[in-house]
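A.B. asks: For the sequence shown, our numbering begins at 322 and goes up steadily by one. Got a structure for you, written out below as structure tokens; questions coming shortly.
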Amino acid sequence: MILVVGGAGYIGSHLVKELVKEKEVVVLDNLSTGHRWAVDERAVFVEGDLGNSKDLDSIFSTYSIEAVMHFAANSLVGESVVDPMKYYQNNVAATLTLLETMKKYNVKNFIFSSTAATYGIPTVEMITEETQTNPINPYGRSKLMVEQVLVDYAKAYGFQYIVLRYFNAAGAHESADIGEKHTPETHLIPIVLQQLLGERESISVFGSDYDTPDGTCIRDYIHVTDLARAHILAMEALLSGKKSTATYNLGNGLGYSVKEVIETCEKVTGKSANVIMAERRAGDPARLVASSEKIYHELGWKAEFSLEDIIASAWKWHLRGV
Ligand code: UFG
């Protein structure tokens, strides 16, 4: 049995849909940002909190857990600056409770959702796992803190882990049964698609004076189904008994500017966007593009979906109007 904490959330629910094909799965989620309907019905669902040892005890004493995947976190950079306590409490303190329970039940395989935000404002074109981490906001710091805890727990208690640093997750499941649904929505692709559907007046481009070819920020967009596949490979690596304390970037290795993303959305949907140039958003690095060579060499993973595929799948999901 695999425990997926945060399995009702955007990325977690896509992983669960793939994972149930090969494993028994129990999902723990407090539904603070996730959705009960997003959890595949083949998984056992427990509503509860990873910071609550009673909720955890009941799962670990009922099921024989082989590995834990941890997706449950707050993940908005801006919010983390305004309310850091929420981020250190939910992303760090609650995770410590989860790790403590794992230790108590002698479960030592852990897959952790981390982020490109651990790198801060990198000075290199392609970010590798060797690139210096230097988070510039509480969200990125909260994720890096857990990464550091894992290093020590591996040495002291024999934990094995794989840390996956996602770049910009986007897209929806091919069935369009699940997709991205945040309230409020802050991410670029769903915002553009909502505008194209007439649900928003306009799209604000946050900054057009960056040091990039068209002046807008460049990001590395990665399909959620590609992220899900990486988790399954990571789980197989941990369960094979091979010792691992690895950290991997997960991206396409391709950078697209905000303008290019909007143009691709227009092309895929055949609609034309109402775009407004706006001020820069605080804390946005000009360019974040991953090298995912390491996970390709070590686990054989590489992104399969292009930006057009990502947007086409998200569009199919948005057209459902869930
Ligand atoms: N953007 C706009 N207008 C919008 C929304 C976004 O111009 O209405 C721009 C942003 O300024 C940024 C790009 O589109 O340049 C992508 O923004 P998103 O909000 O979609 O994603 P981020 O790159 O800000 O965030 C992602 C993850 C975070 C992670 C961060 C690391 O969602 O969890 O990368 O920097 F922390």
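Here a beta-carbon is modelled for each residue, glycine too, at the ideal position from N, C-alpha and C.
Flag Ala394 as yes when its Cβ comes closer than 7 Å to any non-hydrogen atom of ligand 1, and as no otherwise.
C.D. replies: no
A.B. asks: Does ligand 1 have a heavy atom nearer than 7 Å to the CB of Leu575?
C.D. replies: Leu575 has its CB no nearer than 7 Å to any heavy atom of ligand 1.
A.B. asks: Hey, could you find the ends of the alpha helix (DSSP H) Ala558 is sitting in?
C.D. replies: 545 to 560
A.B. asks: Whole angstroms are fine: how far does the CA of His391 sit from the CA of Gly328?
C.D. replies: 8 Å
A.B. asks: Determine the contact status of Thr488 and Leu324, defining contact as a CB-CB distance below 8 Å.
C.D. replies: Per the sequence shown, residue 488 should be read as Phe rather than Thr. Not closer than 8 Å, so no.
A.B. asks: For His391, name the three-state secondary structure that DSSP assigns.
C.D. replies: strand
A.B. asks: Closest to Asp361 by C-alpha separation, out of Asn411, Thr454, Gly500, Gly441, would be which residue?
C.D. replies: Gly500
A.B. asks: Quick check on the DSSP output: the alpha helix (DSSP H) that includes Val467 runs from which residue to which?
C.D. replies: 459 to 478
A.B. asks: Give me the residue from Lys580, Ser613, Ser353, Ser593 with the minimum Cα distance to Val526.
C.D. replies: Lys580
A.B. asks: Report back the beta-carbon spacing between Leu377 and Thr422 to the nearest angstrom; my notes put them in contact at under 8 Å.
C.D. replies: 4 Å
A.B. asks: Using only CA atoms, which one of Cys586, Leu571, Ser353 lies nearest to Gln516?
C.D. replies: Cys586
A.B. asks: How would you write the range of the alpha helix (DSSP H) that Tyr408 sits in, first residue to last?
C.D. replies: 405 to 408
A.B. asks: Between Asn412 and ligand 1, is the CB less than 7 Å from at least one heavy atom?
C.D. replies: no
A.B. asks: According to DSSP, what are the bridge partners of Tyr569?
C.D. replies: Leu485
A.B. asks: Name the residue from Ala394, Lys429, Glu614, Thr418 whose alpha carbon lies nearest to the alpha carbon of Gly562.
C.D. replies: Lys429
A.B. asks: Please classify Pro459 as buried or exposed, where buried requires at least 16 neighbouring CB atoms within 10 angstroms.
C.D. replies: buried
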